[in-house]
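Taken in order, these protein sequences are the chains called G and X.
Residues 8 to 126, numbered by the working numbering, are exactly what the first sequence covers, in order.
Residues 213 to 326, numbered by the working numbering, are exactly what the second sequence covers, in order.
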Amino acid sequence: NAGVMQNPRHLVRRRGQEARLRCSPMKGHSHVYWYRQLPEEGLKFMVYLQKENIIDESGMPKERFSAEFPKEGPSILRIQQVVRGDSAAYFCASSLRLGRIRSSYNEQFFGPGTRLTVL
Amino acid sequence: ELKVEQNPLFLSMQEGKNYTIYCNYSTTSDRLYWYRQDPGKSLESLFVLLSNGAVKQEGRLMASLDTKARLSTLHITAAVHDLSATYFCAACNAGGTSYGKLTFGQGTILTVHP
């Protein structure tokens, strides 16, 4: 059973270009989370999606960032008109489903991350 | 809003010594995670703590959870060089639309030297 897959693993963009980051959750997982890790910092939540729905985007910057998780295909995190401050590692995590309290069903499994560098 | 704080943020240990990393969280959380991250790598899940008084051990690492004190600890016994990494704790929001969202601590950079 393959784990969470992300691609590309490394992405270099010039200021003003667009970045598209892809995440394929583990087989059978319908919940996807995106986190951002700035250099020398912890991970910060960005967005939580289920198939075709954005459930919580409270961590997403108001402009230039968007996310989707279509019925078919991977989840996409899109950053338009990138700036140097967007340089970071972006991690995707997936979980099976929301379980009852004390259930481990919603344990999140992390992908290898995409390291974005903006020149 | 759930906040998670770890201390210490930097830990330099001698091989063979014991130490504890502390993780405090601010509001009710129904589970607590510990992760390890090596430089340039993803997060490796170490422990999931689901209830008050939970204690889990794996090799030289032991994690515990006190939900009343809103405190989790990661205890390192007889440290070895291979344990050098960054360790994160993360708490999970309980209830509401943020259910399942993880809030991470700042991370503890552990260096084990001879």
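From the three backbone atoms N, C-alpha and C, an ideal C-beta is built for every residue, glycine too.
ask   = Taking Cβ to Cβ, would you say Trp246 (chain X) is nearer than 8 Å to Leu221 (chain X)?
value = no
task = Quick one: list the residues of chain C neighbouring Phe72 (chain G), beta-carbon separation under 8 Å, in chain order.
result = Of the chains in the structure shown, none is chain C; the protein chains are G and X.
task = Give the C-beta separation of His36 (chain G) and Gly312 (chain X) to the nearest angstrom, bearing in mind that I take them to be a contact with Cβ-Cβ under 8 Å.
result = Contact flag wrong, Cβ pair sits at about 12 Å.
query = Closest to Ile28 (chain G) by CA distance: which of G:Ala9, G:Gln115, G:Gly80, G:Leu126 is it?
reply = Per the sequence presented here, residue 28 (chain G) reads as Leu, with Ile not at that position. Closest option to Leu28 (chain G), Cα to Cα, is G:Gly80.
task = Report the residue from X:Ala275, X:Leu255, X:Asn230 whose alpha carbon sits nearest the alpha carbon of Leu261 (chain X).
result = X:Ala275
key: Alpha carbon of Phe117 (chain G) to alpha carbon of Pro326 (chain X), nearest angstrom   = 32 Å
query = Going by alpha carbons, who is nearest to Lys78 (chain G) out of G:Ala95, G:Asn60, G:Pro68?
reply = Between Lys78 (chain G) and the set G:Ala95, G:Asn60, G:Pro68, the nearest pair of CA atoms involves G:Asn60.
message = So within the region 274-312 of chain X, which uninterrupted alpha helix (DSSP H) runs reach at least 4 residues, ignoring any that extend past its ends?
response = none
request  = Report yes if the C-beta distance between Gly317 (chain X) and Gln218 (chain X) is below 8 Å; otherwise report no.
outcome  = yes
ask   = Given Gly228 (chain X), which residues of its chain have a CB within under 6 Å of its CB, disregarding the five upstream and five downstream residues?
value = If we look at Gly228 (chain X) and ignore the five residues flanking it on each side, its Cβ neighbours are Ala290.
task = Could you tell me whether any Cβ in chain G is nearer than 8 Å to the Cβ of Ser254 (chain X)?
result = yes
key: In chain order, each beta strand (DSSP E) run of at least 3 residues that lies wholly inside the region 64-91 of chain G   = 72-75, 82-86
message = Less than 8 Å between the C-beta atoms of Leu223 (chain X) and Ala303 (chain X), yes or no?
response = It is not a contact, given that the beta carbons lie outside the stated cut-off.
request  = Establish whether the CB of Gln269 (chain X) and some CB of chain G are separated by less than 8 Å.
outcome  = no
ask   = Whole beta strand (DSSP E) runs in the region 20-50 of chain G with 3 or more residues, listed along the chain?
value = Taking only runs of at least 3 residues, the beta strand (DSSP E) segments lying wholly in the region 20-50 of chain G are 26-31, 38-44.
query = Under 8 Å, do Ser101 (chain G) and Val19 (chain G) count as touching if we go by C-beta distance?
reply = No, the Cβ-Cβ distance between Ser101 (chain G) and Val19 (chain G) is not below 8 Å.
inquiry  = Taking the alpha-carbon of Lys58 (chain G) as reference, which of G:Gly23, G:Pro32, G:Gln88, G:His17 has the nearest alpha-carbon?
reply    = Checking every option, the nearest Cα to that of Lys58 (chain G) belongs to G:Pro32.
task = Identify whether Asp93 (chain G) lies in helix, strand or coil by the three-state DSSP scheme.
result = helix
ask   = Name the chain X residues whose beta carbon is nearer than 7 Å to that of Gly118 (chain G)?
value = Against chain X, a Cβ distance below 7 Å from Gly118 (chain G) picks out Ser254.
query = What's the gap between the Cα of Ser238 (chain X) and the Cα of Leu50 (chain G)?
reply = Rounded to the nearest angstrom, the two C-alpha atoms are 17 Å apart.
key: Coarse secondary structure for Thr320 (chain X), derived from DSSP in three states   = strand
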